[in-house]
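Some notes on the structure that comes next.
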Amino acid sequence: MRLTFATLIALAVALLLAGCDSTEPTPRGTLQGVVLAEGSPLAGVIVEVSGPRTDQVTTDEAGRYAFQELPSGAYVVSIRNVPSDAAFPATSRAAAVPEGGAITVDFQGNFIRTAAIVGTVTSREQGLPGISVRLEGTESRTTQTDSEGEFRFSAMRAGSYTVEISGFPASVNFPTPRTEVELATGQTHVATFEGIPELTASVVIRSVQRRTSAGTLEGVDPDDVRGRIEVNVAIDRGLDRPDSLLVLLGGQVVGRQSFQESGGVELSAATTQELSFPVNTAAFDEETGVPRFLNGQRTLTVRLATREGGSSASSASTPLTLRNQDTFMGRVEPGVGPVLGDDGETWVGGDLVVDVLPVIYSPGRDVSTVQLELRRSGGAQVARQSLAGSPPFRFVLSPGATDVSSLSGYQTPRGAIDQLRVIAAAYSQGGPVGGLPVVVGDSLRVDQVAPEATSFEFPAQGSQATCCSQNWVGATFPFALAIGESEDSGVGGVTFRVHAGDATLTNSQLLARTPVEVGAELAETGSNAAYRAVVVLSDALSNERVVALQPTSANPLSNERGGIFGVDRTPPLATLVDAADALGMREINPASGSAWVLTAVDERSGIAGTPFRTVVERYAPQLGTEPVCIFPVSGPCSPSPDGFIRDLPDSGDGYFRLTTRALDRGGNHSEPVVAWVLRDPTPPELLSLQVPSSVSAGEEMTVTGQARDNIDLFYGQAAIRFGDPGSPAGILPFAAPEFLGEPFSGALVPEASFQLRMPVVVGLEVVNSSGAPSGAVDLATQITGSAVDAAGARGTRVAAIPGSPEFEARSFRVQDRGASGGVARWELEASGPVVCGPGLAGTGEGPCPESAAESITLSARASGAAGEFERPFTTVHMLALMPDGAAVWLGSSSTGEMVQDGTGVQGRVWRWSFEWTPDPRIPAGAQRLIAVGVDAHGAALRSSDLTSVEVVTGGG
Numbered sequence: 027m028r029l030t031f032a033t034l035i036a037l038a039v040a041l042l043l044a045g046c047d048s049t050e051p052t053p054r055g056t057l058q059g060v061v062l063a064e065g066s067p068l069a070g071v072i073v074e075v076s077g078p079r080t081d082q083v084t085t086d087e088a089g090r091y092a093f094q095e096l097p098s099g100a101y102v103v104s105i106r107n108v109p110s111d112a113a114f115p116a117t118s119r120a121a122a123v124p125e126g127g128a129i130t131v132d133f134q135g136n137f138i139r140t141a142a143i144v145g146t147v148t149s150r151e152q153g154l155p156g157i158s159v160r161l162e163g164t165e166s167r168t169t170q171t172d173s174e175g176e177f178r179f180s181a182m183r184a185g186s187y188t189v190e191i192s193g194f195p196a197s198v199n200f201p202t203p204r205t206e207v208e209l210a211t212g213q214t215h216v217a218t219f220e221g222i223p224e225l226t227a228s229v230v231i232r233s234v235q236r237r238t239s240a241g242t243l244e245g246v247d248p249d250d251v252r253g254r255i256e257v258n259v260a261i262d263r264g265l266d267r268p269d270s271l272l273v274l275l276g277g278q279v280v281g282r283q284s285f286q287e288s289g290g291v292e293l294s295a296a297t298t299q300e301l302s303f304p305v306n307t308a309a310f311d312e313e314t315g316v317p318r319f320l321n322g323q324r325t326l327t328v329r330l331a332t333r334e335g336g337s338s339a340s341s342a343s344t345p346l347t348l349r350n351q352d353t354f355m356g357r358v359e360p361g362v363g364p365v366l367g368d369d370g371e372t373w374v375g376g377d378l379v380v381d382v383l384p385v386i387y388s389p390g391r392d393v394s395t396v397q398l399e400l401r402r403s404g405g406a407q408v409a410r411q412s413l414a415g416s417p418p419f420r421f422v423l424s425p426g427a428t429d430v431s432s433l434s435g436y437q438t439p440r441g442a443i444d445q446l447r448v449i450a451a452a453y454s455q456g457g458p459v460g461g462l463p464v465v466v467g468d469s470l471r472v473d474q475v476a477p478e479a480t481s482f483e484f485p486a487q488g489s490q491a492t493c494c495s496q497n498w499v500g501a502t503f504p505f506a507l508a509i510g511e512s513e514d515s516g517v518g519g520v521t522f523r524v525h526a527g528d529a530t531l532t533n534s535q536l537l538a539r540t541p542v543e544v545g546a547e548l549a550e551t552g553s554n555a556a557y558r559a560v561v562v563l564s565d566a567l568s569n570e571r572v573v574a575l576q577p578t579s580a581n582p583l584s585n586e587r588g589g590i591f592g593v594d595r596t597p598p599l600a601t602l603v604d605a606a607d608a609l610g611m612r613e614i615n616p617a618s619g620s621a622w623v624l625t626a627v628d629e630r631s632g633i634a635g636t637p638f639r640t641v642v643e644r645y646a647p648q649l650g651t652e653p654v655c656i657f658p659v660s661g662p663c664s665p666s667p668d669g670f671i672r673d674l675p676d677s678g679d680g681y682f683r684l685t686t687r688a689l690d691r692g693g694n695h696s697e698p699v700v701a702w703v704l705r706d707p708t709p710p711e712l713l714s715l716q717v718p719s720s721v722s723a724g725e726e727m728t729v730t731g732q733a734r735d736n737i738d739l740f741y742g743q744a745a746i747r748f749g750d751p752g753s754p755a756g757i758l759p760f761a762a763p764e765f766l767g768e769p770f771s772g773a774l775v776p777e778a779s780f781q782l783r784m785p786v787v788v789g790l791e792v793v794n795s796s797g798a799p800s801g802a803v804d805l806a807t808q809i810t811g812s813a814v815d816a817a818g819a820r821g822t823r824v825a826a827i828p829g830s831p832e833f834e835a836r837s838f839r840v841q842d843r844g845a846s847g848g849v850a851r852w853e854l855e856a857s858g859p860v861v862c863g864p865g866l867a868g869t870g871e872g873p874c875p876e877s878a879a880e881s882i883t884l885s886a887r888a889s890g891a892a893g894e895f896e897r898p899f900t901t902v903h904m905l906a907l908m909p910d911g912a913a914v915w916l917g918s919s920s921t922g923e924m925v926q927d928g929t930g931v932q933g934r935v936w937r938w939s940f941e942w943t944p945d946p947r948i949p950a951g952a953q954r955l956i957a958v959g960v961d962a963h964g965a966a967l968r969s970s971d972l973t974s975v976e977v978v979t980g981g982g
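Per our numbering, the sequence shown starts with residue 27, numbered consecutively.
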């Protein structure tokens with residue numbers, strides 16, 4: 027069934043009408059609750075209900091309310107008349123009153139705490155800390171003032187309050203220690219408590235004194251106060267807390283003392299404190315000369331400030347009459363300086379500019395004339411000057427003046443001082459200024475005198491000087507050597523500069539030129555009369571003296587302005603004379619009476635009268651690690667004047683080294699000529715020779731030796747002896763020597779050991795005159811060790827080769843080795859006939875002759891059967907045979923290359939090449955060179971001697 031909207035309306039009306047006609051009683055109930063703010067009950071709040079019945083009640087002291095016998099149903103409960111600083115989440119709430127029952131509706135709120143009370147507790151504008159502050163009223167609180175005397179109550183409710191202070195010092199009275207406050211929401215109220223202290227501190231002026239020249243104190247007449255005084259003050263703090271004390275003269279602060287602060291004085295609580303203040307009544311402005319206090323009566327006041335009484339808690343005063351003498355002050359501005367002198371004192375020079383200012387204490391007076399003097403302390407007047415006009419008075423005492431104010435030629439004596447004094451002055455109102463003289467500049471040291479030099483002349487060439495002769499100056503000559511000893515009795519700090527130029531120039535023209543320090547800064551000249559020079563001597567204050575170069579007996583040329591000279595910048599050339607009876611650059615064991623003979627050439631100033639500066643030194647182990655000076659025979663071992671011939675000492679073994687330079691008249695040195703002589707007739711010793719206990723043919727073995735020489739060892743060598751001592755095979759080395767020393771170096775090696783690695787060659791065959799193997803094989807029998815000294819002498823020792831009786835070696839003939847291994851021909855060739863070398867132990871110096879190559883190629887050639895001959899040797903050694911029969915190993919080659927493969931028994935050729943540069947073991951002259959080929963089994967084949975090569979040394 028479906029009901030329409032009209033039907034529903036009709037049914038509702040019917041129901042209502044039916045109810046109105048009912049006679050049954052209405053059900054009843056109770057609505058109750060409590061109104062609280064922060065848990066505290068609120069009384070007098072009006073509570074209203076609206077619904078089936080409207081009503082209102084007021085909360086009681088407990089904040090409670092109740093509505094009895096309310097018809098049941100839905101109600102709205104509201105509150106009003108709540109405190110203005112109370113806030114509730116809601117002031118109206120819905121409630122349903124049940125039949126025959128009760129419902130409780132509570133309202134919970136909070137107070138608004140946005141008000142505050144702040145304040146201060148002070149006395150004499152100073153905060154009092156630690157004072158108790160109590161708050162009573164709507165709320166109750168307590169606090170204390172902080173270090174500044176401030177307090178604060180925050181987050182408070184509005185309402186009526188009483189603020190009261192307590193616990194303040196008994197010496198402070200408060201007209202009212204309490205105040206009433208009506209506080210609104212959000213309001214900040216300021217409460218101020220100003221106390222009035224009961225002051226107990228006091229200050230008095232005990233005395234005014236002055237200190238005498240003896241250092242004692244005496245009283246001051248208050249009607250005649252002058253200069254510096256001392257004000258003595260006594261303070262009795264009582265119960266107060268002093269802050270500071272001021273001393274004033276004529277209203278100006280002249281003394282100050284703080285208490286109980288950093289740097290201040292802590293006053294005792296039980297005693298009187300006495301303080302003393304120095305006061306300069308004659309003080310003035312050092313820039314203007316204006317006095318701080320004019321003469322006349324002035325009040326001296328002391329003023330004590332305390333925490334309780336403020337800035338004027340206590341004070342005391344007394345009148346004083348100032349009677350200072352008018353005076354003067356000065357400022358000195360030297361033209362040069364001040365500078366620190368050699369004596370450690372301060373000096374000034376140039377014009378002395380002195381600004382003098384009157385210091386006038388007498389009111390209404392001014393100065394019109396002043397006279398100033400410079401006087402040596404305790405001595406005579408130096409200069410004076412008078413000026414008239416108005417201050418400031420500027421005095422100029424100048425070395426250029428021609429009157430009594432001149433300082434020309436004046437110098438304060440060492441150890442003394444000068445003073446600037448005002449010695450006379452007059453007022454423009456008439457009458458002289460009293461109290462004079464007055465020092466306005468003290469402890470002055472004045473220097474207007476230039477330094478002096480004992481001479482300015484070239485030194486005479488000789489044992490003490492390399493320059494100068496006949497008015498010539500060399501490239502390296504320092505002009506400072508021409509200046510004699512300088513003297514300055516004033517500020518000191520002497521410096522100099524030399525100016526040089528054309529001999530016709532005046533001193534002024536020379537001074538306009540750039541200073542020179544050495545001869546090389548001047549152009550070279552064709553004569554010794556081209557230039558003249560002056561020296562300018564200056565002290566630390568720029569006092570200058572100009573001195574012209576003077577002639578001497580050794581350098582006599584001059585013109586009307588002084589000495590003149592020429593410049594030679596080109597050094598001479600010095601060499602040893604190449605003659606049969608003269609020593610060369612390196613000589614070994616020359617004949618007795620030998621000498622070095624020198625020659626020198628100079629194309630400008632000429633060779634010096636004593637042409638060389640020479641040193642001869644001897645080196646020998648018995649003399650120690652440093653050389654001994656042979657020439658000069660006395661004094662320091664430094665180059666000394668010498669002639670063209672220097673004899674070699676006839677006695678003494680060792681090295682003798684000549685170092686000499688040629689000298690021209692200007693003092694230019696040639697490049698050094700260094701020549702050596704070794705005198706060593708004694709051969710070295712081979713003290714020991716050690717060989718292995720067993721060896722294998724074709725392998726390597728190690729040989730060691732210990733050598734000694736009386737002067738200097740050169741190298742150690744090991745070689746193998748083949749056959750009997752008379753065998754043509756001889757003794758041959760197969761490894762490089764070990765060099766033990768470096769002859770003619772000055773680094774002597776008298777003892778040394780050596781260790782060599784060398785192949786074990788068991789047999790040696792020598793070719794016949796046609797270059798074919800001879801078929802005779804000499805077996806190795808001994809190891810020969812050699813020690814060679816720098817003079818080329820040899821000391822030897824032999825040792826047997828282990829296993830030598832069992833050695834076997836085949837001939838290299840074709841019939842013994844067949845076509846593949848037999849050698850048809852073995853020979854040595856050279857690429858050139860002449861090669862340059864240093865000579866034995868380096869005795870040949872100088873560049874190689876143009877005809878001599880610096881190195882040549884030695885080529886060993888082995889020929890054999892064409893198409894079959896295989897390389898016969900693993901290594902080929904190149905050796906030189908010395909005149910004494912010893913062999914010198916030159917080098918080796920392990921690279922054999924086939925250079926020909928033609929036809930016949932010598933159709934295939936193998937070649938081993940070696941680039942040879944002679945070393946200091948090879949003497950100059952014709953050489954005997956051989957090639958020794960060694961196969962893998964230690965068999966060797968020696969070539970015929972190659973005699974077409976000559977070694978030449980530098981110089982031919």
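Using N, Cα and C, we set each Cβ at its ideal position, and we do this for glycine too.
Within the region 735-784, the complete beta strand (DSSP E) segments at least 3 residues long are 739-748, listed from N- to C-terminus. Considered as a whole, the region 888-950 harbours no complete run of any alpha helix (DSSP H) with no fewer than 4 residues. Assignment of beta-bridge partners to Ile231 by DSSP yields Val259.
Where Arg843 is concerned, the enclosing alpha helix (DSSP H) starts and stops at 840-847. One Cα belongs to Asp738, the other to Phe682, and the distance between them is close to 13 Å. Ile809 is bridged by DSSP to Ile746, Ala825. In the structure shown, the three-state DSSP call for Ser416 is coil. When DSSP states are grouped into helix, strand and coil, Glu853 belongs to the strand group. Rounded to the nearest angstrom, the gap between the Cα atoms of Ala892 and Thr900 is 20 Å.
Taken atom to atom, the span from the alpha-carbon of Ala406 to that of Gly467 is near 16 Å. Taken through DSSP and simplified to helix, strand or coil, Gly588 comes out as strand.
DSSP places Asn533 inside the alpha helix (DSSP H), whose first and last residues are 533-537.
When the beta-carbon positions are compared, Arg106 and Ile138 stay at least 9 Å from each other. By DSSP's assignment, Gln732 forms a beta bridge with Ser714, Ser779. Per the DSSP secondary-structure output, Ala128 pairs in a beta bridge with Thr56. Exclusion of the five residues before and after Val159 leaves Thr169, Phe177, Ile191 as the residues of its chain whose Cβ lies within less than 6 Å of its Cβ. Considered as a whole, the region 557-602 harbours 557-564, 570-574, 588-594, 599-602 as its complete beta strand (DSSP E) runs of no fewer than 3 residues, in chain order. Ile443 has no beta-bridge partner at all, per DSSP.
The residue among Gly153, Arg820, Thr211 with its C-alpha nearest the C-alpha of Val198 is Gly153.
In this model, Gly588 and Tyr557 are separated by some 10 Å (Cα to Cα).
By the Cβ-count criterion, Asn585 is exposed, with fewer than 16 other Cβ atoms from all chains shown falling within 10 Å of its own Cβ.
Within the region 591-669, the beta strand (DSSP E) runs of at least 3 residues that lie entirely inside it are, in chain order, 599-602, 612-614, 621-627, 633-645, 654-657, 666-668. Going by C-alpha positions, Ala69 is about 15 Å away from Asp111. Annotation: Cys493 to Gly552 spans about 18 Å, alpha carbon to alpha carbon.
In this structure the region 501-520 touches the region 475-488; the number of beta carbon pairs closer than 8 Å is three or more. Beta-bridge partners of Phe354 (DSSP): Pro384. Residue state for Leu866 is assigned as helix, using DSSP reduced to three classes. In the structure shown, the three-state DSSP call for Leu507 is helix. Taking 9 Å as the cut-off, the beta carbon of Pro418 is found closer than this to the beta carbon of Leu383. Our two residues, Phe503 and Asn497, have alpha carbons roughly 12 Å apart in a direct line. Less than 9 Å divides the Cβ of Arg687 from the Cβ of Pro698. Per DSSP, the continuous beta strand (DSSP E) segment holding Thr332 begins and ends at 322-332. Here Ile143 is buried: its Cβ has 16 or more other Cβ atoms, across all protein chains shown, within 10 Å.
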